[in-house]
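Notes follow the structure.
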Amino acid sequence: MTVSWRRHAFIWLTSISAVVSGTGFVAEVPAASAAPGPSEQAACVTEAPDEAAAARLAARCGRAVEVLSERTEYAQVTVGPDGVRKLVASVAPQRVRRANGTWAAIDPSLRPKDGRLVPAASLADVSFSTGGTGPLVTWREAGSSFTLEWPLGPLPAPRVDGATAVYPSVLKDVNLHVTATAEGYTHVVEVLTPEAAAQPAIRALRFRTGGDMKVTRDATGTVRLATAGGVPVANSAPARMWDSSTDPSRAGEVLASAEARGLAVPAGERATAEEAAVTSRSARVGVALSGAELTITPDAKLMADPGLTYPIFIDPEFEKQRSKWAYATSNGENNDTTVARVGRQPYPEGGNGERYHSFYDFPISGLKGKQILGSTVRITLDHSWSCTPTWVHAYRTSAITVASGGRMGWTTRPLPSNHLDAWEGSANEAGGCGSVQPDVDAEFASEAFRNDLQYAVNKAWPTYTVGLCACNDAGEGEDLESRWKKFYTDKAWIEVTYNSKPSVPTKLTTSDQACGATIGTASPVFEAFYGDADGTGDSLTGYFEYMFIGYSGVGTKTGQTKPGNSFGDSGIVSLGSLAEGRTYQWRVQTRDKAGSYSDWSGWCSFTVDLDKPLPPAVSSTDYPADGVAHGGPGIAGTFTFAPRSTDVAKHVYGWSGQAGPLTTIVAGSRNTVTLTPPRFGFNVLEVYSIDGANKQSDTTRYKFLVEAPSAPIAHWPLDRVDSHDLKEASGGPSLTVNGTEAWAENSRIYGDATPSFNLDTHLAANVPLDTAKSFGVAVWVNLGDATREDPEPVLSPGNWTAVSKFGTKVSGFYLGYRLSNGPRWSFMMPGADAASSVNTFVAVESPITLTTKDVGKWAHLAASYDAATREMVLYVNGKRVASGVRPAAGWNAGGPVVISGAQWSENPTDPTQIADHWLGHITDVRLWNRALTQDDLTGTDVNPEMGTEAVPGIIQPIQVANWDFSGGLDSACGSAASYDYWGRSLDLYGCTDPYSESQTVGYTGDGYDDSEALWFNTAQPDGWGGTSTRTGYAATTDPVVNTGQSLTVSAAVRVRELNGQEQVFVRQGAGNAQEGAVKLYMEQNGNLRFAVLTPDGAGGVSWAAAVSDSPVTAATVQAKEWVHLTGVFDVGTGEVRLYVDGRPQAARGVGAVGKASSHPLFVGSVSGVNSFLLGDIDQIKVYAGAMNDREAAALYRDSR
């Protein structure tokens, strides 16, 4: 039995803390595990920042390299020289992230800091006394603190031994031990003599608690800590005490053969303050909480036992809760959680014939889509009854549904089933075997296990649960006392070697021509994109097949070996002299370094026509085709075309995928054009030549990479989040107020405010934006009611400008609302800095006129000017709606940027001459010194084919609630905290503490991700719930999102019963003509729906709803399948959309108007009255703003 410093702990829930601080607590120790720089990567180091770099380094150095980007508290990934990946994941945290982003191995050893003792690297910010007065323990978390004080006077200076501080003689013959652990701490009172045990202070140990953390005790004796705001921080386990007995017969077999030979039976491993020996007598300890006093009462019966061996240890045993394990017992009793028991517990070890199973949960979400090459589970055996090896069997079970170390139902966790493997071994340290046997790892690594893990990975399970039983796959052997074992709860690992099968090759071209083209050569080159989820660190070889259509013969060619996620080609394929006029087809598959083949691509056909002009040569110094990103989206560059045939008359060019017409120019010896790339990442400029006979050449596809978008040169959030107010986000010039400053609460986001304008106020700042060059502007606007006395909204009779930039006589641009062609959104630029009476103006305006329905609705406007082409573009709510070209080059307006106002006067210093003041609200103003692109507005995902990273769009919705229920089991029936800026709580109605059959809502560990979820109104596998009363739900106390504006609601749901009634997942709003409502739900027939309540104009209401393509069925319920739902309401278009597992559903709601609601958000019911959910829900997220298709798909993809 090796002492584990993670054995007992008062637990810090880092799943909660990560939202607040993102780090654990690390004392001042030398930094390690930083991302290696270029010089380090040149050497053969053992770490690399990402998977591609690790793969390259492993191949060059011939040894495994860790991927730092994949490192977590629980898991590490390495890449071997052969390209094979290896995941090692533990059930317990192994490391902690520092504040600077680097990692440290968990090290609870103590060292002095600021007059206290602190652990070197722990998941909890705890500190201990160095003697004297003051708290024995201080714990800080998310701005709150908890203190524990020794009540019997000043503490002596402690002796530090590793992670433990020992305070000697705090009473006569009594020592106090405080130990730091991976996730908190434990404190133990060591009583050395019977006389010391008789002291009244020992019979009732009274500690004082302090700080502003909330300290509570539930009916089971569990003590819980929560921040001042109610966020769970830590839990304790039931307290216990133990003595120092060493009789080996109390904990295992005593070999008769050893005694017969006259051998002395050696003493086993001794009890310590850190943990009991297997031979110790032990008992539960009482825990009481009264006000600020925490009282620990030792077991009177054990204290009076004349056979007690001193010293004895009294431990409030604050047990860690982050290890992902649980147990089940045949008699349904709860037990301490210090070890994982398996088999029939012998009577000398406190048993009464009961049997145990233990379960371990391993995270495998990172293996989704992978090919499993090998798998092993290792669990360290702490103790066995037998001196000789006996069997233990491993099974795959359903996921753990209780808190760490919790008890699951015996009958609902049937073993044996899904048998994986068996192992035999022993580790009897009691001494009766003639020696103290060391700990040993049980290993399970069968082919059946690998196959079953592959099944789980194919199903995209987030976790894989292994159950241990003394029984074989026929159910035999569980009653054999000799098979009794105890395993560590925090020493269990899964090791998986895996590979990503190469993707099907894409983007097939023949000599740069699209499939189906006619080409002008009989020596083509076949090219394709070699995709691989393992990235550029893997290498792929292309294998090509080609044939003359109509003939059976197939030619083959081995192509280039290239890094994953890059283009590779066949080299020249010689078709021969008879190729003219023939049509061919070809296809390709790839093979990676580990020997896995992709599926074949589809066939790509082409026809040979040798009587064509040659394709032009294309080059660029601004955007060279060198595989390195240059420039940026919205930044122009020059491109040169050169003919390669003598009779070329003109060139035709355009961007790949361009919707508009191509551009034609007269060919010269060289033609240079200035163009602006339409996106970042992979761009293709397509150019072809036309000769004097009007014959078209093949198309030259000039491929190059564009750098990621540059940040705005100014950004005023114009909100109250983090005290933004009128400040510029990056420290630039703040806006000054001209007029009356006013802010409107809850106008866009509940819990926030935006500036309010009333036709008499503007904001201004000097920003170096040159309007003669390319620039971009973006802003959120809300039209106010022009006649507030009228109950019906009225549009303004005048022009309103949201953003402009002053010149000397007019503004350089005007972005806002104009009446010249009916009320429309407008982007306008004057031809010169001249009085308006002698000026010319070019305006691009939205094609749809605004109506009174647009009053009070938020809209996003973006304007882009490309000086290279003189093109002006207007975007509304992320969509390109209008464009136009200025007749001449622009001019620079050198004055300030103005929000809510425009310049028409020749005296701009006089505020009375500023016109077009806004009525309503304006927020989130951004300026760029470049043109904008579509990607700027709507964002991009990681896409190796397009060379893009994940970049959020300007109009990305703002998350206003995020409940993933992590740590819920540890809080019993505590409120679920939202992991976002506002931190709204979701309260449970129908939950009992402790859990019982009568409860109707609670937390389960069997969530959609690898964490907790909420269950409602159904019997749970571990005995909770199941009563006929089905009225459980959850709710906030206030509204979460403005249901009169664009919004998005998502959740993962698992319906467990179909009852022929509506079942609501998420709903906000009362649902009447006075206020709006939205709901995500399942209707009576099983269809999934997202609906928005819309007034019909006649005092009534109707629901505009999007409906799923297929319903929930009995088979779906039987399979216990989760489904991820995202509902979107776009107030600009009146459209309601539903996404199921990231896919848009065909039936959409139209004509939705929406209206703000003042009611709370409900989960699992309508207002706690009806439409109750019979099932589970997880990952509830609410956003202000409408997600687009890409964002909804990404939300689903990133949800597990």
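Residue numbering for the sequence shown follows the UniProt record's numbering, beginning at 1 and increasing consecutively. Even glycine gets a Cβ: it sits at the ideal position worked out from N, Cα and C.
- Arg-250 counts as buried, since no fewer than 16 other beta carbons sit within 10 angstroms of its beta carbon.
- Selection Glu-269, Glu-253 and Glu-274 evaluated against His-177 yields Glu-274 as nearest (Cα-Cα).
- Residue environment analysis places Gly-657 among the exposed positions, since fewer than 16 neighbouring C-beta atoms fall within 10 angstroms of its C-beta.
- Listed in chain order, the non-local C-beta contacts of Gly-884 below 7 Å within the same chain comprise Val-842, Val-844 and Met-872, local neighbours out to five positions each way being set aside.
- Counting C-beta atoms within 10 angstroms of its own C-beta, Glu-51 has 16 or more neighbours from the protein chains shown and is therefore classed as buried.
- Contiguous alpha helix (DSSP H) elements confined to the region 401-477 occur at 447-458, taking only those with 4 or more residues.
- 8 Å or more divides the Cβ of Asp-760 from the Cβ of Thr-736.
- Its chain contains Thr-663 and Val-687 as the residues whose beta carbon lies nearer than 6 Å to that of Tyr-653, once the 5 sequence neighbours on both sides are disregarded; these appear in chain order.
- Around the C-beta of Pro-108, 16 or more other C-beta atoms lie within 10 Å, and the residue is accordingly described as buried.
- Look at the beta carbons and you see the region 1177-1186 touching the region 1119-1139: at least three pairs across the two are nearer than 8 Å.
- If you ignore the 5 residues before and after Ala-1013, its C-beta comes within less than 6 Å of the C-beta of Phe-965, Thr-1004, Gly-1007, Asp-1176 and Asp-1178, all in its own chain and listed in chain order.
- Remark: C-beta atoms of Ala-292 and Arg-208 approach each other more closely than 8 Å.
- Ala-157 and Ala-180 have their C-alpha atoms some 17 Å from each other.
- Where Thr-279 is concerned, there is no enclosing alpha helix (DSSP H), because DSSP gives it neither an H nor an E.
- The residues Pro-1039, Gln-1068, Gly-1069, Ala-1070, Glu-1075, Ala-1077 and Ser-1167, in chain order, have a CB closer than 8 Å to that of His-1159 in the same chain once the five nearest residues on each side in sequence are set aside.
- Using a 10 angstroms sphere on the CB of Asn-451, the tally of other CB atoms stays under 16, which defines it as exposed.
- Residue range 753-758 is occupied by the beta strand (DSSP E) that includes Ala-753.
- Counting along the chain, Thr-1116 sits inside no beta strand (DSSP E); it lies in the alpha helix (DSSP H) bounded by residues 1114-1118.
- Contact annotation: Phe-548 and Phe-526 have beta-carbon atoms that are not nearer than 8 Å.
- Counting only the Cα atoms, Ala-764 lies some 6 Å from Ile-899.
- In this structure, Leu-1058 lies near Val-1117, with their beta-carbon atoms less than 8 Å apart.
- Contact check for Pro-633 against Pro-524 fails: the beta carbons are separated by 8 Å or more.
- The beta carbons of Pro-81 and Ala-48 sit about 13 Å from each other, so the pair does not count as a contact at 8 Å.
- Asp-611 and Asp-691 have their C-alpha atoms roughly 11 Å apart.
- Excluding five sequence positions before and after Asn-962, the CB atoms of its chain that fall closer than 7 Å to its own CB belong to Ser-978, Tyr-979, Asp-980 and Lys-1181, given in chain order.
- Around the Cβ of Leu-578, a 10 Å sphere holds fewer than 16 other Cβ atoms; the residue is exposed.
- When rounded, the separation of the alpha-carbon atoms in Asp-212 and Ser-145 is 6 Å.
- Taking a cut-off of 8 Å for Cβ pairs, the region 501-521 and the region 456-473 do not touch, as fewer than three such pairs fall below it.
- Per DSSP, the continuous beta strand (DSSP E) segment holding Ile-665 begins and ends at 663-666.
- Of the residues Pro-135, Gln-76, Val-77 and Thr-72, the one whose Cα lies closest to the Cα of Leu-123 is Thr-72.
- The Cβ atoms of Thr-1031 and Gly-990 lie closer than 8 Å to each other.
- DSSP places Gln-199 in no alpha helix (DSSP H); its state is neither H nor E.
- In the three-state DSSP reduction, Tyr-1196 falls in the helix class (H, G or I).
- Here DSSP, grouped into helix, strand and coil, assigns Gln-934 to helix.
- Taking 8 Å as the upper bound for CB-CB distance, Asn-331 and Glu-354 are in contact here, some 4 Å apart.
- Under the three-state reduction of DSSP, Asp-1189 is assigned to helix.
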